[in-house]
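Asker: Here's a structure for you.
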Amino acid sequence: MIKYIGEHLLIGQIGNFIVLLALCSSILSAFAYYKATVNSGELSEGPWMKVGRTSFWINAISIVALFLVLYLIIYNHYFEYKYAHQHSKRSLDVQYLLSCFWEGQEGSFMLWSFWNAVLGLVLIKTAKKWESSVLFTVALVQIFLASYLIGIYIFDVRIGTNPFVLMRNEFPDAPIFQDPDYLGKYLTDGNGLNILLQNYWMVIHPPVLFLGFSSAIVPFAFAVAGFWKKDVSGWVRPAMPWALFCAGVLGLGIMMGAAWAYESLTFGGYWAWDPVENASLVPWLLMVAGIHTMLIFQHTGYALKASFLFIILAYILELYATFLTRTGVLGDTSVHSFTGEGSTLYWHMIVMMLIFILLPLVLYVKNQKLIPVITKEESMNSREFWMFVGSLMLFISGGYIIVLTSLPFFNKLFGTKWAIGQDVEYVYNRIMVMVALIIGLLTAIVQYLKYKDTSRKYIWSKLTIPTITAIVLSALLSLFGGISYEKYGIGFLVAIHIALWAAVYSFIANAMYFFVVLKGKMKAAGSSITHVGFALMLIGILISSSKKELISENRTGIAVSGLKDAKGRDENPLENITLIHNIPTPMGKYTVTYLGDSTETKNNKVYFKINFKQTDTVQGKEVENFDVTPNAFLMKSEEGTQLSSNPGAKHYISNDVFVYITSWLNPDNIKDTAAFRNIPVNSGDTVYYSNGFVLVGKVLTANKNDNPELPLVDSAWLSELTVVSKEGVKSSIAPAFFIKDGQPSFKTDTVMQQNLVVGLQRGANGQVELAIKESSAVMRYITLKAYRFPWINLLWLGTIIMFVGFMISMYHKLKSKLYVV
Amino acid sequence: MKKMHILGLVLIAIVIAALLSLLDDLSTYDSVESARKKEGKFVHLIAKLDTSKPVIYDPIKDPNYLAFTAIDSLGSSTNVVYKNAKPTDFEKSQRIVMKGSMQGDVFQCNEIVMKCPSKYKEQGVAPTNAVSAASIEEKKSTQP
């Protein structure tokens with residue numbers, strides 16, 4: 000037995016104890032709340048309730064303590080712990096230490112568990128008669144979340160992954176653990192945090208997203224409780240504010256994630272239909288569908304079954320989303336899929352999903368007959384009919400997305416090898432543009448309908464003005480907005496224009512509903528405000544996506560004839576442009592110059608300074624001039640230094656210019672082995688090089704004696720040369736040779752495209768010589784991509800308005816008489 | 000509820016139409032050999048970079064031209080051309096999924112998805128680092 004030096008074992012033991020405590024207290028809490036529910040109204044209800052409550056508090060406190068312990072381990076750089084070693088390192092900025100939590104599996108589950116505990120505590124205070132039955136489900140989730148963290152072996156199967164495992168226990172065969180001082184000698188630093196996560200959005204967006212994620216449990220728990228306690232319609236009221244809360248926060252969290260993708264990933268956009276994004280979008284769609292059907296139920300008594308289905312499915316799909324993104328099922332399909340924890344987490348999560356499917360299913364089947372039946376049909380002129388259509392639309396679009404996202408899982412289940420074809424985004428977008436169109440129209444019109452029935456006269460009197468305004472405005476937008484997205488043909492372009500009209504319509508109709516019908520009264524304004532925000536988001540999405548512009552379009556590369564894809568469309572333009580240091584290069588309407596770079600040694604980060612200039616060709620006036628500073632981390636590896644790029648941006652109100660470096664020649668890596676070749680020449684000679692020839696023009700000689708305008712040097716030799724490459728490209732250069740105070744100096748000139756450096760020299764006998772070097776290391780250059788996103792700010796503004804709208808709705812639902820627990 | 004039934008049927012029809020339109024856009028995961036058999040067809044090729052062959056990328060000549068050799072788990076290899084910038088960590092990647100199609104002898108690739116140890120922190124990376132650190136340490140100590 001080796002006695003190791005410098006380990007901090009106590010803190011890990013405390014951590015392990017807390018994990019066990021969290022698990023046991025959640026089991027006790029769930030059991031006690033179960034007993035309290037089934038003994039409801041009897042003498043034993045009170046004591047069971049007390050036990051449930053106390054143990055839930057213990058569970059909540061232990062989760063907080065767990066956070067503190069793990070934070071201390073990361074903060075103090077105890078690299079004997081695998082979590083600290085894998086996700087942190089000494090040079091990491093303190094503000095990113097929190098991101099270390101989110102990067103790992105265990106930290107994410109802890110965050111989820113933390114919010115779940117907080118929500119549970121709020122419910123203990125507010126749920127009143129629903130407390131025991133609702134808290135049972137919440138505690139059930141806590142059991143599973145704690146079980147993901149215990150990491151104990153039962154018959155060689157490891158259950159969960161423990162955040163406090165030691166490196167030497169995890170990798171017992173590594174030779175370094177033969178050395179008692181392995182910490183002082185080998186494990187002196189950690190692997191560090193994935194640099195993509197070193198971004199402020201990454202510090203704040205996971206907590207928000209996870210709060211939205213966790214809060215879906217509350218409507219779920221109320222729905223389950225309703226069927227459990229045979230109050231099949233009573234659960235809707237208390238669940239409603241929570242559903243609104245969940246939709247608001249989850250929506251905000253998703254869009255904050257989108258902002259992160261926009262600012263730090265190099266996808267060239269905020270949304271890529273990546274499985275991780277889809278998996279969080281689909282529960283949101285279902286939650287929103289559920290809110291609408293619950294509203295229908297509250298006002299008319301219809302749609303109770305649909306409400307139950309949507310609310311239950313929203314949570315199950317969240318579990319499924321976690322399953323897809325955490326167990327490695329997605330494998331090769333996701334750009335940012337997480338580490339798979341192997342088959343134990345796979346089955347562990349399947350068990351959890353099955354329980355959360357069976358629990359509502361069994362209760363539903365048992366109490367189905369209690370659901371009130373309404374035989375009267377909805378009127379076509381009623382609000383509820385069209386709201387239901389909208390909810391179904393959301394449900395179906397969610398289904399479409401989740402089926403496509405699940406292809407890798409289906410492949411695993413059925414041994415198939417299917418994948419979405421060459422244009423993933425279009426496969427989604429062509430359906431979603433239709434969904435946007437229908438949802439836009441519905442959100443515009445349906446507010447003006449009344450529940451039960453509405454007279455045609457009323458509809459027309461209210462809708463005429465918004466309809467005409469929207470048609471005029473969107474027609475103007477279509478005519479002068481320059482939306483000509485022809486990549487997928489005329490059909491898709493028309494769909495975009497119609498969807499844009501629907502979105503504008505929705506924006507105007509809802510804004511007018513707020514001001515004209517509600518007269519600005521906030522009490523019922525939540526839905527109008529939410530819809531205004533949503534409509535703005537749609538407008539922002541449609542405009543920014545269809546007008547997204549690749550500035551760095553490069554058509555100078557080797558053109559391959561007949562490069563058309565299967566659908567006969569033109570191949571994507573080549574996206575990268577190389578800029579040579581200090582050489583202004585035309586790029587779209589800009590002239591772009593790579594001004595230089597500077598390295599921050601602490602983080603091994605390089606900042607590039609790139610100037611964009613736009614000149615009005617008619618007037619010759621400069622209309623735009625700005626610098627962007629994209630940066631990149633340098634990652635040393637055996638194969639040389641690698642680059643991990645962060646975009647630089649120029650933000651305007653109406654558009655953003657994004658630039659990111661795709662390739663850079665690190666000066667450290669330059670090994671210029673090529674040598675100059677000296678050739679004696681006279682005017683009119685031709686000198687050959689590997690890719691063409693050089694025509695020597697007149698050689699000019701000047702010295703101070705006969706040329707007084709040459710004050711800086713004593714003598715000078717100049718020559719005008721023409722370089723003609725094999726391809727027939729001609730370029731002129733003028734190298735020179737100077738002598739000052741007996742010391743020679745050179746002014747070489749280069750032909751960048753030909754990697755050619757040419758200088759002038761004087762041979763021993765006074766003969767002029769041409770010095771030619773062919774080298775790829777002659778210049779500093781970067782390769783970059785640049786995009787312009789127009790009107791992206793509409794999307795962000797819409798997101799905020801939508802969030803505010805959800806919160807207003809929630810507030811007024813809590814206040815209203817409808818909310819009686 | 001007749002109206003609802005009609006609505007339901009309409010929606011089912013929409014779903015079927017959407018899924019049918021999808022069939023056209025599905026492709027498959029393939030090996031080099033099976034991709035060769037489907038020349039010209041869009042596939043997902045799973046392979047890894049053959050590090051014994053050169054990786055050609057010269058941003059000065061053409062920043063949108065990357066050529067390399069990929070070898071799959073069955074041992075067959077193919078030349079690949081990717082008309083874009085060389086992805087970060089390309090040489091470090093363990094597995095690459097290439098989306099594109101076989102054109103003659105060359106796999107014309109539109110998109111590359113990589114799996115890298117640095118990004119995905121796979122288990123087992125740490126001990127190999129530790130082992131190499133240990134061996135370096137040993138070399139140092141043998142020198143006087």
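Sequence order for the protein chains is A and B. Final position of the first sequence in numbering that gives the first Met the number 0 is 820; the numbers increase by one with none missing. Final position of the second sequence in numbering that gives the first Met the number 0 is 143; the numbers increase by one with none missing. In this text, a Cβ means the ideal position worked out from N, Cα and C, and glycines have one as well.
1) What residue from A/F607, A/G765, A/K184, A/I540 has the CA that sits closest to A/W663's CA?
2) Would the beta-carbon of A/P371 fall within 8 Å of that of A/E317?
3) Determine the closest residue to A/L755 out of A/A770, A/P171, A/P743, A/Q742, with distance taken between C-alpha atoms.
4) Kindly give me the distance between the Cβ atoms of A/I310 and A/M352, rounded to whole angstroms, as I take these residues to be in contact under 8 Å.
5) Is there at least one Cβ from chain A nearer than 8 Å to B/P62's Cβ?
6) Could you list which residues in chain A have their beta carbon closer than 7 Å to that of B/H4, in chain order?
7) Alpha carbon to alpha carbon, what distance is there between B/M113 and A/L562?
8) So, are the CB atoms of A/F30 and A/G189 less than 8 Å apart?
9) Under 8 Å between C-beta atoms, does B/D104 make it to chain A?
10) Under the DSSP definition of a beta bridge, which residues are partnered with A/A631?
11) Return the residue from the list A/W47, A/W716, A/V140 that minimises the CA-CA distance to A/V350.
12) Ends of the beta strand (DSSP E) at A/E768?
13) Exposed or buried, A/H811, counting other C-beta atoms within 10 Å across all chains shown (16 or more means buried)?
14) Exposed or buried, A/E276, counting other C-beta atoms within 10 Å across all chains shown (16 or more means buried)?
15) Hey, is the region 452–466 of chain A in contact with the region 422–440 of chain A, meaning 3+ C-beta pairs nearer than 8 Å?
16) Assuming B/T68 contacts B/K47 (C-beta within less than 8 Å), just tell me the rounded distance between them.
17) Are there three or more Cβ pairs, one per stretch, closer than 8 Å when the region 498–510 of chain A is compared with the region 441–460 of chain A?
18) For A/L813, would you say it is in contact with chain B, using Cβ-to-Cβ distances shorter than 8 Å as the test?
19) CB A/A534 to CB A/V656, shorter than 8 Å?
20) Considering only residues of the same chain and omitting the five flanking positions on each side of A/S653, which have a CB-CB separation below 7 Å?
21) Can you give me the C-alpha to C-alpha distance between A/N38 and A/T187, rounded to a whole angstrom?
22) Quick check on A/P371: does DSSP put it in helix, strand or coil?
23) Are the beta-carbon atoms of A/G609 and A/T592 separated by less than 8 Å?
24) Which two residues bound the contiguous beta strand (DSSP E) that contains A/P679?
25) Please classify A/V328: is it buried, with 16 or more other beta-carbons within 10 angstroms of its beta-carbon, or exposed?
26) Closer than 6 Å by C-beta to A/G804: which residues in its own chain qualify, once you throw out the five before and the five after it? Chain order, please.
27) Using a Cβ-Cβ cut-off of 8 Å, state whether A/G567 counts as contacting chain B.
28) Determine whether the Cβ of B/K120 lies closer than 8 Å to any Cβ atom of chain A.
29) Nearest CA to the CA of A/G280: which residue from A/P206, A/G256, A/L303, A/F296?
30) Identify, in the order they occur along the chain, each residue of the same chain with its Cβ nearer than 7 Å to the Cβ of B/A17, setting aside the five sequence neighbours on each side.
31) A/G836 to A/D180, Cα distance in whole Å?
32) Based on DSSP bridge pairs, tell me the residues matched to A/S730.
33) Short of 9 Å Cβ to Cβ, which residues in the region 83–94 of chain B face chain A?
34) Could you tell me whether any Cβ in chain A is nearer than 8 Å to the Cβ of B/A17?
35) I'd like to know whether the C-beta atoms of A/V219 and A/P237 end up nearer to each other than 8 Å.
36) Helix, strand or coil: how does DSSP classify A/L307 here?
Answerer: According to the data block:
1) Locating residue 663 of chain A in the first sequence gives position 664, where the first residue counts as 1. The option with the nearest alpha carbon to A/W663 is A/F607.
2) Locating residue 371 of chain A in the first sequence gives position 372, where the first residue counts as 1. Locating residue 317 of chain A in the first sequence gives position 318, where the first residue counts as 1. Contact flag unset, no.
3) Indexing the first sequence from 1 puts residue 755 of chain A at position 756. Comparing Cα-Cα distances from A/L755 to each of A/A770, A/P171, A/P743, A/Q742, the minimum goes to A/A770.
4) If you number the first sequence from 1, residue 310 of chain A lands on position 311. If you number the first sequence from 1, residue 352 of chain A lands on position 353. Rounded, the Cβ-Cβ distance is 16 Å, inconsistent with contact.
5) For this step, residue 62 of chain B is matched to residue 63 along the second sequence. For B/P62, the answer is yes, since a Cβ of chain A falls inside 8 Å of its Cβ.
6) Counting from one through the second sequence, the residue named residue 4 of chain B turns up at place 5. Residues of chain A passing the Cβ test: none, with the nearest at roughly 10 Å.
7) In the first sequence, counting from the first residue as 1, residue 562 of chain A sits at position 563. In the second sequence, counting from the first residue as 1, residue 113 of chain B sits at position 114. Bear in mind that a pLDDT of 37 at A/L562, under 50, signals an unreliable position, so the number given afterwards is only what the model happens to contain. Those two C-alpha atoms are separated by around 25 Å.
8) Your numbering for residue 30 of chain A matches position 31 in the first sequence. Your numbering for residue 189 of chain A matches position 190 in the first sequence. In this structure, A/G189 does not lie closer than 8 Å to A/F30 by Cβ.
9) In the second sequence, counting from the first residue as 1, residue 104 of chain B sits at position 105. False, the Cβ-Cβ gap to chain A never drops below 8 Å.
10) Counting from one through the first sequence, the residue named residue 631 of chain A turns up at place 632. Paired residue(s): A/V605, A/S644.
11) Numbered from its first residue, the first sequence carries residue 350 of chain A at position 351. Cα-wise, what sits closest to A/V350 is A/V140.
12) Here residue 768 of chain A refers to the residue found at position 769 of the first sequence. Per DSSP, A/E768 belongs to the beta strand (DSSP E) from 767–773.
13) As a first step, residue 811 of chain A is located in the first sequence; it is residue number 812 there, counting from the start. A/H811 is buried by the Cβ-count criterion.
14) Within the first sequence, the letter at position 277 stands for residue 276 of chain A. When all chains shown are included, A/E276 counts as buried.
15) no
16) Looking up residue 68 of chain B in the second sequence gives position 69. Looking up residue 47 of chain B in the second sequence gives position 48. B/T68 to B/K47, Cβ: 10 Å. No contact.
17) yes
18) Position 814 of the first sequence holds residue 813 of chain A. So, not an interface residue.
19) For the purposes of this step, residue 534 of chain A is taken as residue 535 along the first sequence, with counting starting at 1. For the purposes of this step, residue 656 of chain A is taken as residue 657 along the first sequence, with counting starting at 1. Against a cut-off of 8 Å, the Cβ pair of A/V656 and A/A534 comes out as no contact.
20) Here residue 653 of chain A refers to the residue found at position 654 of the first sequence. Cβ within range, chain order: P789, W790.
21) Position 39 of the first sequence, counted from the first residue, corresponds to residue 38 of chain A. Position 188 of the first sequence, counted from the first residue, corresponds to residue 187 of chain A. Going from the Cα of A/N38 to the Cα of A/T187 covers about 57 Å.
22) For the purposes of this step, residue 371 of chain A is taken as the residue at position 372 of the first sequence. Residue state, collapsed to three classes: coil.
23) Within the first sequence, the letter at position 610 stands for residue 609 of chain A. Within the first sequence, the letter at position 593 stands for residue 592 of chain A. Sequence check: residue 609 of chain A is Ile here, not Gly. Yes, the pair counts as a contact, with Cβ atoms nearer than the cut-off.
24) The count along the first sequence starts at 1 and reaches residue 679 of chain A at position 680. From DSSP, the beta strand (DSSP E) with A/P679 extends over 676–679.
25) Here residue 328 of chain A corresponds to residue number 329 of the first sequence, with the count starting at 1. It counts as buried.
26) Taking the first sequence and counting its residues from 1, the one referred to as residue 804 of chain A is at position 805. Here the set comprises G525, I528, T529, G532.
27) Within the first sequence, numbered from 1, the residue matching residue 567 of chain A stands at position 568. Reliability of the predicted coordinates at A/G567 is poor, the pLDDT of 36 falling under 50, and the value obtained from them is presented with this limitation in mind. It does not: the Cβ of A/G567 has no partner Cβ on chain B nearer than 8 Å.
28) In the second sequence, counting from the first residue as 1, residue 120 of chain B sits at position 121. Reliability of the predicted coordinates at B/K120 is poor, the pLDDT of 35 falling under 50, and no value is obtained from them.
29) The residue labelled residue 280 of chain A in the question sits at position 281 within the first sequence. For clarity, residue 280 of chain A is Leu in the given sequence; the question names Gly instead. Nearest of A/P206, A/G256, A/L303, A/F296 to A/L280, Cα basis: A/G256.
30) On the second sequence, position 18 is the one that residue 17 of chain B refers to. Closer than 7 Å at the Cβ level, and outside the excluded window around B/A17, lies no residue.
31) For residue 836 of chain A there is no data in the structure shown, the boundaries of chain A being 0 and 820.
32) In the first sequence, counting from the first residue as 1, residue 730 of chain A sits at position 731. Looking at the DSSP assignment, A/S730 forms a beta bridge with A/V722.
33) N83, A84, K85, P86, T87, D88, F89, E90, K91, R94
34) Counting from 1 along the second sequence, the entry for residue 17 of chain B is found at position 18. Answer yes: the Cβ-Cβ gap between B/A17 and chain A drops below 8 Å somewhere.
35) The residue labelled residue 219 of chain A in the question sits at position 220 within the first sequence. The residue labelled residue 237 of chain A in the question sits at position 238 within the first sequence. Note on identity: in this sequence residue 219 of chain A is Phe, with Val being the wrong assignment. No, the pair does not count as a contact, with Cβ atoms beyond the cut-off.
36) By 1-based counting over the first sequence, the position of residue 307 of chain A is 308. In the sequence under discussion, the amino acid at residue 307 of chain A is Phe, which differs from the Leu named in the question. The answer is helix: DSSP assigns A/F307 an H, G or I state.
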